[in-house]
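J.:
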Amino acid sequence: MKRAVLFALGLLAASVPARAQIELSGSYVPILYEDYIERGPGSDLGDFTGMPLTDEGRAKALLYTSNLPSTIERQCLAQAPWVLQYRPLGLRIWSEVDKDDRVSAWKIEGDYLRDTLTIWMDGRPEPSPNALSTAAGFSTGKWEGDTLTVHTTHVKTTWIRRGNGIPASDQTTYWVHLTRHDDLLTVVTIQEDPFYLSEPHVVSRVFKFDARANQGGRSICNTANEIPRLEDSGIVPHYLPGQNPEADFMTRTYNLPKEAALGYAESLYPEYRHKLKSVYTPPASCGRYCCGWIERQGLPGAAPGLSCNDGGLGELNPVVRSKQGDGEGKPAAPGKK
Amino acid sequence: MALMLVAALGLNVLAQGRGAPPAGRAGGPPSARATAPFDPTGYWVAIISEDWRWRMVTPAKGDVVSIPLSAEGLRVAEAWDPAKDEAAGEQCRAYGAPGLMRGPIRLHITWQDDNTLKIESDYGQQTRLLRFTGAGGAGGAAEVGRASGAKTWQGVTSAQWVMAAGGGRGRGGARRGSIKSVTTQMRPGYLRKNGVPYSDRAVFTEYWDLHSETNGDQYLVDTNVVDDPVYLQTPWITSLHFKKEMDGSKWDPSTCDARF
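The listed protein sequences correspond, in order, to chains A and B. For the record, in the first sequence the residue sitting at position 312 is 751 according to the numbering used here, with numbers rising by one throughout. For the record, in the second sequence the residue sitting at position 89 is 173 according to the numbering used here, with numbers rising by one throughout.
1) Which whole-angstrom value describes the C-beta separation of A:C642 and A:Q518, a residue pair presumed to lie in contact below a C-beta threshold of 8 Å?
2) Quick one: which unbroken beta strand (DSSP E) runs of 3-plus residues sit fully inside the segment 574 to 634 of chain A? Chain order, please.
3) DSSP state of A:I558, grouped into three classes?
4) Note the first and the last residue of the continuous beta strand (DSSP E) segment covering B:G183.
5) By DSSP's criteria, B:N308 is part of a beta bridge. Which residues make up the other side?
6) Return the chain-ordered list of same chain residues with a C-beta closer than 7 Å to the C-beta of B:I132, the five sequence neighbours on each side being excluded.
7) Chain A beta carbons: is any one of them nearer than 8 Å to that of B:F344?
8) Have a look at B:K328 and B:N199 and give me their C-alpha separation to the nearest angstrom.
9) Grouping DSSP H, G and I as helix and E and B as strand, with all else coil, what is A:R478?
10) What three-state label does DSSP hand B:V345 in the structure shown?
11) Which residue or residues does DSSP assign as beta-bridge partners of B:S296?
12) Which bits of chain B does A:W614 rub up against, with CB to CB less than 7 Å?
13) Let me know if B:G173 comes out buried or exposed under the rule of 16 or more other beta-carbons within 10 Å of its beta-carbon.
14) Mind pulling the chain A residues with CB within less than 8 Å of B:R190?
15) Please compile the residues from chain B whose C-beta is within a distance smaller than 8 Å of the C-beta of A:G744.
16) Taking B:I263 as the query, report the chain E residues whose CB atoms sit under 7 Å from its CB, ordered along the chain.
17) State the Cα-Cα distance for the pair B:S323 and A:T586, rounded to the nearest angstrom.
18) Taking the alpha-carbon of B:W335 as reference, which of B:R260, B:A130, B:P114 has the nearest alpha-carbon?
19) Quick one: what's got a C-beta closer than 6 Å to A:A704's C-beta in the same chain, skipping five residues either side?
20) Select from B:A161, B:K168, B:Q238 the residue whose C-alpha is nearest the C-alpha of B:A286.
21) Quick check on this structure: which residue in B:V309, B:G157, B:G183 has the alpha carbon closest to the alpha carbon of B:P319?
22) Alpha carbon to alpha carbon, how far is A:R712 from B:D135?
23) Go ahead and pull the three-state DSSP assignment for B:F122.
24) Locate the beta strand (DSSP E) running through B:T267, then write down its first and last residues.
25) Mind listing the chain B neighbours of A:K716? Cutoff is C-beta to C-beta under 7 Å, in chain order.
26) With a cut-off of 8 Å, does the C-beta of B:R109 fall near any C-beta of chain A?
27) Would DSSP call B:L201 helix, strand or coil?
28) With a threshold of 16 other CB atoms inside 10 Å of the CB of A:Y551, please say whether the residue is buried or exposed.
29) Using a beta-carbon distance cut-off of less than 7 Å, what residues from the segment 115 to 147 of chain B approach chain A?
30) Pull up the CB-CB distance for A:Q654 and A:V468, whole angstroms please, since I reckon it's below 8 Å.
31) Can you tell me whether DSSP reads A:I547 as helix, strand or coil?
32) Where does B:V149 fall in DSSP's three states?
33) I'd like to check one pair, A:N603 with A:Y708: are the Cβ atoms closer than 8 Å?
34) B:V246 and B:S262: beta carbons closer than 8 Å?
35) Of the choices B:L275, B:S283, B:T194, whose alpha-carbon is the least far from that of B:K235?
36) For A:P633 and A:T611, I'd like the C-alpha separation in whole angstroms.
What follows is the structure in structure tokens.
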């Protein structure tokens with residue numbers, strides 16, 4: 440009887456899923472319903488809201504000009520492995536198995552500015568602190584219930600967030616939680632950086648399963664001479680400390696106190712509103728990206744009777760440009776309405 | 085004999101995997117509190133690291149970026165008038181469940197009873213009740229709502245534990261799972277402080293997960309979906325994260341404010 444019970448318990452243990460708790464494989468669409476400006480057209484320069492930067496991180500970010508990544512040698516620099524939280528591209532995830540059919544790694548396909556991520560599930564130890572840092576870093580994973588928890592180390596110095604120079608050092612580490620609920624995949628990244636962050640930087644994003652598998656697909660980054668005057672000049676575009684004209688962009692544009700936009704950790708918490716209340720008034724009207732997801736005025740499908748002002752962005756649309764240009768689809772001359 | 089044991093125990097595991105907890109000693113289902121795979125109680129603070137300009141302060145009228153509004157939704161947003169809301173006594177329009185959770189808030193979560201999770205906010209001093217239904221819960225929340233008939237800022241929320249695979253207990257590990265909650269019967273309100281609307285037909289679905297870090301930090305992550313056939317083109321899907329605090333020393337009650 441005792442042996443039978445032990446045998447039964449053994450069989451039972453074998454019947455409990457001990458490998459992947461949830462299937463993650465597939466393609467996922469990024470849902471850009473948070474931080475759309477950053478993840479769509481790109482961050483405003485000088486917008487460090489939501490960041491817990493150290494003084495050093497802030498100073499480095501303020502040296503940045505958007506001409507910098509236009510230099511030939513920086514156009515294809517790999518970005519942080521978890522920069523997928525800030526970009527408008529989809530994901531493709533798959534697993535790799537060992538000879539015993541156990542998942543040995545999860546892979547998240549890269550894109551033209553991000554290396555493919557490998558999340559080792561085979562229990563291998565972390566490399567020495569002196570081991571090579573790579574664009575993808577070194578990641579291990581483990582299941583915590585239906586959540587895949589990942590630890591990433593050995594990354595390169597990169598920019599994080601999107602398009603405004605917020606730095607991440609090669610001492611950056613990430614804890615990441617990937618949780619799937621029905622067809623939604625929530626990715627939580629907790630980034631720590633002893634140089635540029637004063638506390639962990641936490642971001643959560645949602646991606647949606649795409650049954651048509653249209654997401655992902657690694658493309659090639661090509662370089663081109665984007666700014667002729669910089670070609671072979673040896674110039675490294677930058678602003679000197681204290682001379683970045685965009686340091687007060689958020690004040691000029693959105694009435695925010697300068698300090699509120701420059702990434703101080705205290706600004707991330709509700710009590711910071713006590714400081715804001717006496718100094719902030721909303722802008723009189725919305726001046727940029729104001730039509731939301733409605734078709735821009737002048738385009739097919741535009742809703743009549745709305746006064747939204749998209750700050751001229753609609754004019755960048757090829758349909759509008761062809762209407763305003765020479766009738767042959769060429770863009771209108773600058774300033775021409 | 086052994087096979088019978090396997091069959092009996094195995095079925096129990098599978099049942100747990102579908103969200104049904106084991107039967108209680110008295111024969112009835114154990115409570116939601118008793119079967120909780122994680123402890124959501126305590127004080128939690130929203131970390132405003134995303135959409136800062138739209139969550140920490142009131143943006144300009146008409147600033148609806150990121151939200152998939154319908155044309156009608158945009159018309160209503162463009163007509164926002166906080167003075168009108170104040171005159172109508174509707175200062176709490178931005179404090180209904182979908183707007184409240186994106187606000188700059190602290191949450192105090194407690195068990196009101198064995199099957200009801202109470203979520204209080206200092207911001208606007210609102211109270212949400214997550215009534216666990218089905219296994220481990222009392223009567224259905226929708227039933228409660230139908231009985232009362234009244235629509236409120238926080239609506240009526242039904243909730244359930246969704247256990248992780250294997251009954252929420254990994255090999256030798258702790259019991260794990262998440263909460264799924266669905267809120268209906270809300271008064272029309274704002275998704276954003278500047279009058280971006282949702283209608284009384286909106287449905288607010290949330291998936292709550294707890295992540296415990298090696299340094300002791302705990303994060304409560306609320307992945308949520310707002311479905312509104314009136315003012316949205318497609319469901320508005322976002323996630324929110326809250327960090328656990330040691331105590332309520334930073335609790336800072338404020339009343340509803342239609343402007344800031």
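Backbone N, C-alpha and C fix where the C-beta goes; we use that ideal spot for every residue, glycine too. Everything numeric in this text was worked out from a predicted model, so none of it was measured.
T.: Taking the geometry as given:
1) Before going on, a small fix: residue 642 of chain A reads as Val here, not Cys. Contact flag wrong, Cβ pair sits at about 15 Å.
2) 577 to 583, 586 to 592, 612 to 620, 623 to 631
3) strand
4) Counting along the chain, B:G183 falls outside any beta strand (DSSP E), though it belongs to the alpha helix (DSSP H) covering 181 to 185.
5) B:E290, B:T322
6) R139, M140, P188
7) yes
8) 22 Å
9) helix
10) Shown here, chain B extends from 85 to 344; a query on residue 345 of chain B therefore has no answer.
11) B:Q302
12) E297
13) exposed
14) P709
15) R159
16) You won't find chain E in this structure, because its protein chains are A and B.
17) 15 Å
18) B:A130
19) P491, S637, E638
20) B:Q238
21) B:V309
22) 15 Å
23) coil
24) 261 to 268
25) F344
26) With a pLDDT of 49 at B:R109, under the threshold of 50, the predicted position of this residue should be treated as unreliable, and no value is reported.
27) strand
28) exposed
29) V129, A130, I131, I132, S133, E134, D135, W136, R137, M140, V141, T142, P143, A144, K145, G146, D147
30) 6 Å
31) strand
32) coil
33) no
34) yes
35) B:S283
36) 7 Å
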